[in-house]
Amino acid sequence: MLSQEKIDRINELAKRSKTTGLTNDEKEEQQTLRKEYLSKFRSSFKSQLQSVKVMDPNGDDVTPNKLVQMKKRN
Numbered sequence: 001m002l003s004q005e006k007i008d009r010i011n012e013l014a015k016r017s018k019t020t021g022l023t024n025d026e027k028e029e030q031q032t033l034r035k036e037y038l039s040k041f042r043s044s045f046k047s048q049l050q051s052v053k054v055m056d057p058n059g060d061d062v063t064p065n066k067l068v069q070m071k072k073r074n
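All letters in the sequence shown, in the order written, are residues 1 to 74 by full-length UniProt numbering.
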């Protein structure tokens, strides 16, 4: 995931944007940090999904085909 310093900076810029506003440089920094955060989040989420196995009440594997195919590709 993203370092705590970067997350703190994202939160700091968000607070400041609501109160006093941001300079153009700060707006660009905020967008860059947000994009990096979302990229890391999506990557982590996809990794978690690939480790999921769906079972029905009878104990049968009912994992969606799309997820099974994703696992095979990686």
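Note that the Cβ used here is the ideal one computed from N, Cα and C, for glycine as well. It should be emphasised that the depicted structure is a prediction, and the values quoted were computed from it without experimental measurement.
Coil, strand or helix - Met55 by DSSP = strand
message = Once the 5 residues before and after Leu22 are set aside, which same chain residues still bring their CB inside 7 Å of it?
response = Leu13, Arg16, Gln30
request  = Kindly give me the distance between the Cβ atoms of Lys35 and Leu2, rounded to whole angstroms, as I take these residues to be in contact under 8 Å.
outcome  = Lys35 to Leu2, Cβ: 11 Å. No contact.
Alpha carbon of Leu38 to alpha carbon of Asp61, nearest angstrom = 31 Å
query = CB Gln48 to CB Asn74, shorter than 8 Å?
reply = no
ask   = In terms of residues, what are the limits of the alpha helix (DSSP H) holding Asp61?
value = No alpha helix (DSSP H) holds Asp61; DSSP gives it neither H nor E.
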